[in-house]
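Under my numbering, the letters of the sequence shown match residues 555 to 676, in that order.
We treat Cβ as the ideally placed atom computed from N, Cα and C, and that holds for glycine.
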Amino acid sequence: DMAHQRSHLAHVAGKLQQARKAGDVDAQGLRELLVAGLGAGLAAGRAAAEAGKSPEQQAIAAGAAAAAFGAEHHLSSKEQAEIAGTAAASIAREAGMSIREQGSAAAAAAHRAGAAAGMTGT
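Right under this line is the structure:
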């Protein structure tokens, strides 16, 4: 279930965060962190869908959650933008948006994530 998935993600992310602080996150660890961030985004998008939000709002929620996860776990602004865009596009696709709409949802989410990361100076 969702709560279990979240605690698992938090656990994985916590371990990766420690490794990252110690400066020894390998490509595999980074990939796991990106996947966890994507999972956080998808969970938020689906929660928005269940709450009856519009497809656009679902995509925004997904992108924002993925970016927030990335920021929290010290991903680079580029990585934050990447997972935000991917999460938004995935949710847009699930919500039945057109390919073009998926692309613009992804671009908007990536832009917002990049701008937020830039503002915090990471």
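Does the beta-carbon of residue i have 16 or more other beta-carbons within 10 angstroms, so that it is buried, or is it exposed?
i	result
Ala581	exposed
Gly666	Per the sequence shown, residue 666 should be read as Arg rather than Gly. Classification of Arg666: buried, given that the 10 Å Cβ count is 16 or more.
Glu604	exposed
Gly568	exposed
Consult DSSP for residue i and reduce its assignment to one of helix, strand or coil.
i	result
Ala597	helix
Ser608	coil
His627	coil
Ser658	helix
Which two residues bound the contiguous alpha helix (DSSP H) that contains residue i?
i	result
Gln642	The question names Gln, but residue 642 is Ala in the sequence shown. Element bounds for Ala642: 631–648.
Measuring from the CB of residue i, is there a heavy atom of the ligand NAD at a distance below 7 Å?
i	result
Glu648	This structure lacks the ligand NAD, and indeed carries no ligand of any kind.
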